[in-house]
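Student:
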Amino acid sequence: MNRQDDLRAFFSHSVEENMDALYGVALRLTRNSADAEDLVAESVGKAWFALDTLVDRTRFRSWIFRILRNCFISARRKKSVRPSEFHYDELFRDDGDGDLASLLVEQPEEFLTWWANPERTVFNDILGEQIMSAIDDLPQSFRTTVLLINVEGLTYDEAADVLGVPAGTVRSRMKRGRTLLQKALWQHAMDAGLNVTDNPDECRT
Amino acid sequence: MTSATDKTEPAEIGCLEAIEALYAYLDGEVNDPQALARIEHHLGHCRSCFSRTEMERALTAQLRKSAKSRAPAALQARLRSIMDKF
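Residue numbers (my numbering), protein chains in the order written: chain F, 1 to 205; chain W, 1 to 86.
1. Please report whether the beta-carbon of alanine 41 of chain F lies at a distance below 8 Å from any beta-carbon of chain W.
2. Quick check on the DSSP output: the alpha helix (DSSP H) that includes alanine 71 of chain W runs from which residue to which?
3. How far does the alpha helix (DSSP H) with leucine 181 of chain F in it extend, from its first residue to its last?
4. Helix or strand or just coil, what does DSSP make of leucine 103 of chain F?
5. Between the Cα of glutamate 9 of chain W and those of W:Leu16, W:Ala18, W:Arg47 and W:His41, spot the shortest distance and give me the residue it belongs to.
6. Which residues of chain B have a Cβ atom closer than 7 Å to the Cβ of arginine 8 of chain F, listed in chain order?
7. Count the other C-beta atoms from every protein chain shown that fall within 10 angstroms of the C-beta of glutamate 17 of chain F, then say buried if there are 16 or more, exposed otherwise.
8. Among W:Ala61, W:Gly44 and W:Arg78, which one has its Cα closest to the Cα of glycine 14 of chain W?
9. Which chain W residues sit within Cβ distance under 7 Å of tryptophan 48 of chain F?
10. Below 8 Å CB to CB, which residues in the same chain sit around tyrosine 23 of chain F once its five sequence neighbours on both sides are set aside?
11. Which of the three DSSP states, helix, strand or coil, is assigned to valine 151 of chain F?
12. Might you give, ordered along the chain, the residues of its own chain that have their beta carbon closer than 7 Å to the beta carbon of cysteine 49 of chain W, omitting 5 neighbours on each side?
13. Under 8 Å Cβ-Cβ, which residues of chain W neighbour leucine 27 of chain F?
14. Taking the alpha helix (DSSP H) that threonine 58 of chain F belongs to, which residues open and close that run?
15. Three or more C-beta pairs under 8 Å: does that hold for the segment 45–62 of chain F against the segment 132–145 of chain F?
16. Taking Cβ-Cβ distances below 8 Å as the criterion, which residues of the segment 158–187 of chain F are in contact with chain W?
17. What are the start and end residues of each continuous beta strand (DSSP E) run of 3 or more residues lying completely inside the segment 23–66 of chain W, in chain order?
18. By how many angstroms is the C-alpha of alanine 167 of chain F removed from the C-alpha of glycine 177 of chain F?
19. Tell me which residues share the same chain as cysteine 71 of chain F and place their Cβ nearer than 8 Å to its Cβ, disregarding the 5 neighbours each side in the sequence.
20. Start and end of the alpha helix (DSSP H) containing asparagine 18 of chain F?
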């Protein structure tokens, strides 16, 4: 097998392995399947022609996710009538209502125990929809970070590589994103009139 | 009095510190054994943080299940067609 055949075989195999993950992240970024498919196709095309920039083949996954992210940002900038309206990193602002201390106060033990209860299967489908709705409502940078790590299983270092930010930023985005997610679910539970105190609060320690 | 067989308890940390480290802990990103021991010691003694940890585990599992997508057949065919031209 010559070098070109080797590259082609490696690339095809790697794309096949990551097809679902690329589509999954693209879908959450673009929020519609047609745009997601276009984004993945564009990313794969660009990735092939940039293959010589992939120094370490074991890092293919984070490398192609980074290309996907860059294609998405580029497409958003092109589509935007006023590019300044797109604030990719807007969400570092601290609105003061999502800090960890307030979270501890706002979410009672009963809610946490109710949520984590493995017997709560009857709500799983509904909660699945609520989670995805809450994910879609997350600011862009937090949504991408949570998806890459919690859904696609990237490490913080890999996510940092994809997002082009330090690992410490990934760590803080995870905290902030997950905190916002939890607050949204708490609100969903309250809006649905769920009386979490009806569920026994087991003492586990 | 401490005997030679006594195990040293990890240093105590508070709830806020435990929650600060919670996501990194659940994501397997706490590599310092002492930090890990401190978090686990706290979770073993604090029901509130333990519940929070279980909730976060359940949320991650549900998130993974709900957000996993499969590339549509049309996209798979499109990508293979693109790659065939390389």
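Just so it is clear, CB atoms sit at the ideal spot from N, CA and C, and this is done for glycine as well.
Tutor: Working from what's here:
1. Yes, because at least one Cβ of chain W sits closer than 8 Å to the Cβ of alanine 41 of chain F.
2. Note, alanine 71 of chain W: premise wrong, no alpha helix (DSSP H); not H, not E.
3. Secondary structure note for leucine 181 of chain F: its alpha helix (DSSP H) is the uninterrupted segment 167–191.
4. Low per-residue confidence applies at leucine 103 of chain F: pLDDT is 47, beneath 50, and the placement is therefore not dependable, though the value from the model is reported in the following sentence. Residue state, collapsed to three classes: helix.
5. The option with the nearest alpha carbon to glutamate 9 of chain W is W:His41.
6. Absent from the structure is chain B; the protein chains it does hold are F and W.
7. Looking at its Cβ environment, which holds fewer than 16 other Cβ atoms inside 10 Å, glutamate 17 of chain F is exposed.
8. Comparing Cα-Cα distances from glycine 14 of chain W to each of W:Ala61, W:Gly44 and W:Arg78, the minimum goes to W:Gly44.
9. What tryptophan 48 of chain F touches in chain W: Phe86.
10. Ala36, Glu37 and Val40, listed in sequence order.
11. Helix.
12. Only Cys15, Ala18, Ile19, His42 and Leu43 meet the Cβ criterion.
13. Against leucine 27 of chain F, the close residues of chain W are Ser69, in the order they occur along the chain (beta-carbon pairs closer than 8 Å).
14. Run containing threonine 58 of chain F: none; DSSP gives neither H nor E here.
15. Segments in contact, no.
16. Per Cβ criterion, the list reads Arg171, Met174, Lys175, Arg178, Leu181, Gln182 and Leu185.
17. Complete beta strand (DSSP E) runs here, min 3: none at all.
18. Roughly 15 Å separates the two Cα atoms.
19. For cysteine 71 of chain F, where only same-chain residues beyond five positions count, the Cβ hits under 8 Å are Leu39, Glu42, Ser43 and Lys46.
20. It spans 3–30 - the alpha helix (DSSP H) in which asparagine 18 of chain F sits, taken as one unbroken run.
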